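Colleague: Mind having a look at this structure? Questions to follow.
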Amino acid sequence: MPAMRLQGLTKHYTRASQVVRALDGVSLEIEQGEFVAVVGRSGSGKTTMLDCAGLLMRPTAGRVLLDGVDTGALGERERAELRSRRIGFIFQEFNLLPTLSAMENVLLPLRYSGADRRAGRRRAEQLLEEMGLAARASHRPSELSGGQQQRVAIARSLIGEPTLVLGDEPMGEVDTETAEMLLALMRRIHRESRVTFLIVTHDLDLAARADRIIHLRDGHLVGDERVDCAVSTAAASRAPVASLAGRR
Amino acid sequence: MEIIRNLWRRKLRSALTVTGIVMGIFALTTMGAMAEHFDALINGGITYYGSNIQVADANSSITSGFGGYMSLSTLAQIERVAGVAAATPFANEIAKPGAVSVVNMGIPDYISSIDPNWDHYSPLKVTLAHGRWVTDASRGEVDLGSAFAAEFHMQVGGTIALPVRPADAQPDFVNHRFTVVGVLDETLTAPDSAAYVSLHDAQTLVGDSLPSALAGRVDPYQIISGVAVYAKPGVNLDALAERINAAVPTVEALKPSTLVSAMKSGAAVFTVMTTATALLALIIGGLSVVNTMIMSVSERVREIGLKKAVGARTRHILTEFLAEAGLMGLIGGMVGFLLGFALTTLLDAGDASGGLFLVTPGLTGLAIGFAVALGAVAGLLPAIRAARLDPVAALRAQ
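Protein chains in written order, with my numbering: chain A, 1 to 248; chain B, 1001 to 1398.
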């Protein structure tokens, strides 16, 4: 069973009495543990697809199945629960809460899932250490660089032990060098945890380091190709992190 | 913790909002304390006057309590009326003649004869804090009410000249020395301002103050100010008052229900005042909380979107914003209450005649509870707005 299946996914907006077809009948399947990049120009429907897949938005037509479950049939409460238990989000603009420390930002999703606090705290410490931010745990976002903020956001996306991480231009706000570092970090996490990654980007160089590239144009799926494994793993050759290995 | 930091993030704005609540609750506390004080006074009066019938000479006004003269001989006639259990003659005199009465919400200090039937018949209980009771046989002895004793710094064993000599005393002014033999517990009502002496001594004082036309021509010990009539169990007091009026034409017996309803209408004015102040607090504090919370919500749209994305449900967001608004109410309520409490304590400390305010636990609870509820209710609309935000639109908001 695929981790995610999109069937005829369609989303229409009405803007100034004109119907905008953001997504028009997109169907695809993603297996557990894939690292997928979604590319396309702005307005191609990448973000809309991500919002639907992340249960933040209901499609006009078509279905989103996560682990075989038709999410369209679920109520808002169940969808919120599924988001907190199964899905991690990373955004372009980090979206950290300014009044919370790095540690508290990482712990935020657990506040709503009712998870054990002590275990959560231990895991947050571990994640911050893996992100190289152990010494910054008590810093506020305003005291961190863009790359550091995004690493806090990545740790936050992983705190609930999701099976799926969705990234909306996670490297869009940082310089090339930091973008490289963030991607390498995500690849390393992916390699050690086998979490499914679905990353939206407009940077084709970065997309080329994914296992698979999905290409959207004007709301249609126009390309779906697998990337040579050698290219993608070469960039992610860092020291393995014991704590993440074998988590799933 | 996050709630406190969110308030702290906009220190000035939060402070202004809290100040609005502080002012409202401050007004509510001081006005409420005044109303509570007045209520206690009135309730004491209702308890006492509702339990007996006040009888005075038909030609004088009983409600003033002073200046009316009645012959002791009528007492026997009153006692004979069917349904009367006991009738106590009493004599009253003003304790501080000539004292300028500015706006005074309390009762002016007075001297009264002790009522030997009081303890047995009246539901309003008066107890001794120190010393012993004056008896019918006492001469030159006095029991002082708590406020009276405090005003003249009197303790058991002290002596006081009554009535108190006014600054502009007439050449024929007379007073007598009394030994304080007891000080009463605080009742929050009339007895606090009283000096109780024996009927004989009270009659002496009334005799001293007789108008010159009467002085020397009547026996002061045959004059009383009025009679308190207690009924037998099961006897309707209003009906008994009517029977007394019919049987003894020279006196007027006041129906307790008339006195009680007059007092209640006085208390109603204060209830209106407190309610109006509460309404004012509601408007000032409430609107500033609404405004602040609406601004907080529009500032934090992206935060709300993010929280929803990571699994927060509508009720989580609702609770967080309500807690923030409620906390502002709590802080404002506590500060406003403490300021009000401090002011009323300060004013009462400077007022010798027993004070003007009474802060009760009920008022404390009302002021702070009202403030928290005010914050939460005012925060409800913005919180609902926040909780209903569409996560996608909220996340991408600029």
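No residue lacks a Cβ here, since even glycine has one placed at the ideal position from N, Cα and C.
Predicted model only: the values in this text are computed from it and were never measured.
(1) Leaving aside the five residues before and after B:P1097 along the sequence, list all residues of the same chain whose C-beta is less than 7 Å from its C-beta, in chain order.
(2) Could you tell me which chain B residues have their CB closer than 7 Å to the CB of A:F197, listed as they occur along the chain?
(3) Output the residue ranges of the alpha helix (DSSP H) runs that lie fully inside the segment 87-131 of chain A and measure 4 residues or longer, sorted by chain position.
(4) Please list the residues of the segment 88-109 of chain A that have a C-beta atom closer than 9 Å to any C-beta atom in chain B, keeping them in chain order.
(5) Any chance the segment 1074-1081 of chain B sits against the segment 1238-1251 of chain B, with 3 or more Cβ pairs inside 8 Å?
(6) Tell me which residues of the segment 13-28 of chain A have at least one Cβ-Cβ distance to chain B shorter than 7 Å, keeping chain order.
(7) Rounded to whole angstroms, what's the CA-CA distance from A:E225 to B:R1009? Just pull it up for me.
(8) Taking the alpha-carbon positions, what's the B:L1389 to B:G1266 distance?
(9) Decide if the segment 1036-1045 of chain B is in contact with the segment 1286-1299 of chain B; the criterion is three or more beta carbon pairs, one per stretch, under 8 Å apart.
(10) Compute the distance between the beta-carbons of A:R212 and A:E34, then report whether it is under 7 Å.
(11) Is the segment 1204-1215 of chain B in contact with the segment 1146-1155 of chain B, if contact means three or more CB pairs nearer than 8 Å?
(12) Excluding the 5 residues flanking B:D1115 on each side, which residues of the same chain have their C-beta closer than 7 Å to its C-beta?
(13) Quick check: A:F197 and A:A153, are their CB atoms within less than 7 Å of each other?
(14) Identify the contact partners of B:V1269 in chain A, using a Cβ-Cβ distance below 7 Å as the criterion.
(15) Using the rule of at least 16 other Cβ atoms within 10 Å of the residue's Cβ for burial, across every protein chain shown, is A:D168 buried or exposed?
(16) So which residues of chain A does B:L1297 contact, with C-beta pairs closer than 7 Å?
(17) Could you give the C-beta distance for A:R79 and A:D70, rounded to a whole number, given that I count them as a contact under 8 Å?
(18) Between which two residues does the alpha helix (DSSP H) carrying A:M1 extend?
(19) So, using beta-carbon positions, are A:S101 and A:G160 closer together than 7 Å?
(20) Rounded to the nearest angstrom, how far is the Cβ of B:D1219 from that of B:R1139, given a contact under 8 Å?
(21) Go through the segment 138-195 of chain A residue by residue and report every complete run of the beta strand (DSSP E) that reaches 3 residues or more, in order.
(22) Where does B:T1127 fall in DSSP's three states?
(23) Check whether the segment 130-138 of chain A touches the segment 52-67 of chain A, taking contact to mean three or more Cβ pairs, one atom from each stretch, closer than 8 Å.
(24) Within 10 angstroms of the Cβ of A:K11, are there 16 or more other Cβ atoms? Answer buried if so, exposed if not.
(25) Between the alpha carbons of B:M1070 and B:S1261, how many angstroms are there, rounded?
(26) Would you mind working out which of A:G172, A:Y112, A:G8 sits nearest A:A61, comparing C-alpha positions?
(27) Just the C-alpha distance for B:M1034 and A:Y112, rounded to the nearest angstrom, thanks.
(28) Under 8 Å Cβ-Cβ, which residues of chain A neighbour B:E1002?
(29) Smallest Cα separation from A:T201: which of A:S138, A:L55, A:S42, A:G114?
(30) For B:R1177, list the residues DSSP reports as bridge partners.
(31) Report the three-state DSSP secondary structure of A:K46 (helix, strand or coil).
(32) Per DSSP, what are the beta-bridge partners of B:P1361 in this structure?
(33) If we define contact as Cβ-Cβ less than 7 Å, is A:M186 a contact residue for chain B?
(34) Buried or exposed: where does B:D1168 fall if 16 or more other Cβ atoms within 10 Å of its Cβ makes it buried?
(35) Less than 8 Å between the CB atoms is what I'm expecting for B:V1392 and A:D51, so what's the real figure, rounded?
(36) What are the residues in the segment 1380-1394 of chain B lying within 7 Å of chain A by C-beta distance?
Modeller: According to the structure shown:
(1) Excluding sequence neighbours, B:P1097 sits near P1163, P1166.
(2) Within chain B, no residue comes near A:F197; the closest Cβ sits about 17 Å away, beyond 7 Å.
(3) Listed in chain order, the alpha helix (DSSP H) elements of length 4 or more contained wholly in the segment 87-131 of chain A are 102-113, 117-130.
(4) From the segment 88-109 of chain A, only G88, F89, F91, E93, N95, L96, L97, P98, T99, L100, E104, L108, P109 have a Cβ closer than 9 Å to chain B.
(5) Yes, they touch.
(6) Within the segment 13-28 of chain A, no residue has a Cβ that lies closer than 7 Å to any Cβ of chain B.
(7) Their Cα atoms are separated by approximately 48 Å.
(8) Taking the straight line from one Cα to the other gives about 52 Å.
(9) The segment 1286-1299 of chain B and the segment 1036-1045 of chain B do not touch, with fewer than three beta-carbon pairs separated by less than 8 Å.
(10) A Cβ-Cβ contact shorter than 7 Å links A:R212 with A:E34.
(11) The answer is no - the segment 1146-1155 of chain B does not touch the segment 1204-1215 of chain B, with fewer than three Cβ pairs under 8 Å.
(12) Excluding sequence neighbours, B:D1115 sits near T1088, F1090, A1228.
(13) For A:F197 and A:A153, no; Cβs fall outside 7 Å.
(14) Neighbours of B:V1269 on chain A: none; closest Cβ ~48 Å, over 7 Å.
(15) Buried.
(16) The sequence given here has Val at residue 1297 of chain B, not Leu. Those do not exist, as B:V1297 stays about 15 Å from chain A at its closest Cβ, beyond 7 Å.
(17) Wrong, their Cβ atoms sit about 12 Å apart, outside the cutoff.
(18) Note, A:M1: premise wrong, no alpha helix (DSSP H); not H, not E.
(19) Taking 7 Å as the cut-off, the Cβ atoms of A:S101 and A:G160 do not count as close.
(20) Beta-carbon to beta-carbon, B:D1219 and B:R1139 are separated by about 17 Å, too far to satisfy the 8 Å threshold.
(21) Taking only runs of at least 3 residues, the beta strand (DSSP E) segments lying wholly in the segment 138-195 of chain A are 164-168.
(22) Three-state DSSP puts B:T1127 in coil, outside helix and strand.
(23) Segments in contact, no.
(24) Its Cβ being crowded by 16 or more others within 10 Å, A:K11 is buried.
(25) Distance between the alpha carbons of B:M1070 and B:S1261: 26 Å.
(26) Per the Cα distances, A:G8.
(27) When the Cα atoms are used, B:M1034 and A:Y112 turn out to be separated by approximately 47 Å.
(28) In chain order: L97, T99, L100, E104.
(29) Of the candidates A:S138, A:L55, A:S42, A:G114, A:S42 places its Cα closest to the Cα of A:T201.
(30) Its beta-bridge partners are B:A1161.
(31) Looking at A:K46 - three-state DSSP - the assignment turns out to be helix.
(32) B:P1361 pairs with nothing; no bridge assigned.
(33) Residue contact check for A:M186 against chain B: no CB pair falls below 7 Å.
(34) Looking at its Cβ environment, which holds fewer than 16 other Cβ atoms inside 10 Å, B:D1168 is exposed.
(35) Here B:V1392 really is in contact with A:D51; their C-beta atoms are around 5 Å apart, less than 8 Å.
(36) Those residues of the segment 1380-1394 of chain B placed with their C-beta closer than 7 Å to a C-beta in chain A are P1391, V1392, ordered along the chain.
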